[in-house]
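When we follow UniProt numbering, the leftmost residue of the sequence shown carries the number 1, and every step to the right adds one. For reference, the structure discussed in these notes is given below.
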Amino acid sequence: MAISGERKKKLFLALFASILLVTAIVTIATTVSVSKKKSSNTAAAHSIIKSSCSSTLYPELCYSTISSAPDAETKVKNPKDVIELSLNLTVAAVQSNYLSIKKLISTRRKSLTEREKAALNDCLELVDETLDELLVAEHDLSDYPSFNKSISQHADDLKSLISAAMTNQETCLDGFSHDKADKKVRQALLDGQMHVFHMCSNALAMIKNLTDTDMASQGYHPSSGRQLEEEDQTEWPKWLSAGDRRLLQATTVIPNVTVAADGSGDFLTVSEAVAAAPERSTTRYIIKIKAGVYSENVDVPRKKTNLMFVGDGRVNTIITASRNVVDGSTTFHSATVAAVGDGFLARDITFQNTAGPSKHQAVALRVGSDLSAFYRHRGLHFRKCSSSVARLRHSCSSTQSKPKEHGHRTRP
1 MAISGERKKK LFLALFASIL LVTAIVTIAT TVSVSKKKSS NTAAAHSIIK SSCSSTLYPE
61 LCYSTISSAP DAETKVKNPK DVIELSLNLT VAAVQSNYLS IKKLISTRRK SLTEREKAAL
121 NDCLELVDET LDELLVAEHD LSDYPSFNKS ISQHADDLKS LISAAMTNQE TCLDGFSHDK
181 ADKKVRQALL DGQMHVFHMC SNALAMIKNL TDTDMASQGY HPSSGRQLEE EDQTEWPKWL
241 SAGDRRLLQA TTVIPNVTVA ADGSGDFLTV SEAVAAAPER STTRYIIKIK AGVYSENVDV
301 PRKKTNLMFV GDGRVNTIIT ASRNVVDGST TFHSATVAAV GDGFLARDIT FQNTAGPSKH
361 QAVALRVGSD LSAFYRHRGL HFRKCSSSVA RLRHSCSSTQ SKPKEHGHRT RP
């Protein structure tokens, strides 16, 4: 018997309603299931974050920033994920500081003193260094653990990088500590710089906790780790290659170029030789600096890696300058020699800043170079300023009118 059109219509509507009902039930069930799963993931992630943050000096800051990050509940599965997210957030904070400093320079340009402008530019340079250090730390952490590096090597590298980033924040603020006007500019930067400092501190503590736990589980008891600075020790640090050890001790070293004040070399000044050196070199580039007094400020920028200065003896080869705070320089910018490119070596040479105590802070050598070493080197200065990176000073002397050293030392 044929079904009437009216009945067909009713059957169709009933079928359509049934489909809608089933779809609604499935959707609700799925939503509830997803909601429960998300809630479970969120609870698990927050538990891991809270546990990781408990090892830090600023646990509330640590937990609030990381737990509120987008997709934190899906990104955090273990303590390493917490550190990676922490470093990501720290990089974002550093980038925000960069924009704030640029804005400050732009909006207050007419009211800023020359030293304040210089100090703000120092801060921009330090922001660049901090970003480099944090990005390298992120890369190293992503490879952790690996067969190419022991856990202790990973720990030492990561702690050195984060410690250097922390020092950069303090060094930036130090540029505004000379008079009342300076301190007004300092106040405008303080919150942002200290936020990054505290974030780095938290990342450093979590890295230490993670690597210490992993080493303990393998029955390894950390000793002093990679030594950041060694004085008068007979043993060389492991990070210094056998080839570099030979270069530091060899009687004769064959240079790539020679600097001579009398015109007998390839260059008259050390700065010219540095400028001509290759960028991002993976091999050692040796600059021989003949006996003489070189009155100049020498910058070894981050792109100039694996440079080596070889003098004719601490008494014979002297690089000297006199920048100082009283005459308008910042402490950071007063360095006679600033070595920032990684892998910097120097031997048989003196770096000197002739500004006396009446000129307040003045730096002979500023080191921001990781894996740097100084052998039979002499420093004459009023104040030494250096970052916390792997450094070796062997058979060196240092004369200061007022000893004061900046830097963080990571503990084993």
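For each residue, glycine too, the CB sits at the ideal point set by N, CA and C. All figures in this text were calculated on a predicted structure; none of them were measured in a lab.
Secondary structure note for Asp244: its alpha helix (DSSP H) is the uninterrupted segment Ala242 to Gln249.
Ser163 sits in a helix when the DSSP states are folded into three classes. If you check the CB distance, Gln169 and Val196 come in under 7 Å.
Nearest to Gly379 by alpha-carbon distance, out of Leu365, Ser52, Ala373 and Asp370, is Leu365. By the 16-neighbour rule on beta-carbons within 10 angstroms, Ala43 is exposed. Taking the Cα positions, Asn209 is about 39 Å away from Pro278. Less than 7 Å separates the beta-carbon of Val310 from that of Arg347. With a cutoff of 7 Å on beta-carbon distance, Tyr63 and Lys50 are scored as near each other.
Per DSSP, the beta bridge partners of Tyr294 are Ile319.
Three or more beta-carbon pairs drawn from the stretch 146–155 and the stretch 201–215 are found closer than 8 Å, and the two stretches are therefore classed as touching. The alpha-carbon of Ser264 is positioned some 14 Å away from that of Tyr294. Contact between the stretch 111–131 and the stretch 83–100 is present, with at least three C-beta pairs closer than 8 Å. When secondary structure is reduced to three states using DSSP, Gly192 falls in the helix class. The continuous beta strand (DSSP E) containing Thr258 extends over residues Val257 to Val259. Rounded to the nearest angstrom, the Cβ distance from Gly313 to Ala339 is 20 Å, too far for a contact under 8 Å. Contact between the stretch 99–107 and the stretch 71–81 is absent: fewer than 3 CB-CB pairs across the two stretches fall below 8 Å. Here Thr171 is buried, its C-beta having at least 16 other C-beta atoms within 10 Å. Where Tyr220 is concerned, there is no enclosing alpha helix (DSSP H), because DSSP gives it neither an H nor an E.
Met308 is bridged by DSSP to Ile286 and Leu345.
Your pair Arg323 and Asn306 does not check out as a contact, with CB atoms roughly 27 Å apart and the cut at 8 Å. A direct Cα-to-Cα measurement between Leu135 and Leu85 gives close to 12 Å. Bridge partners of Val300 according to DSSP: Ala339.
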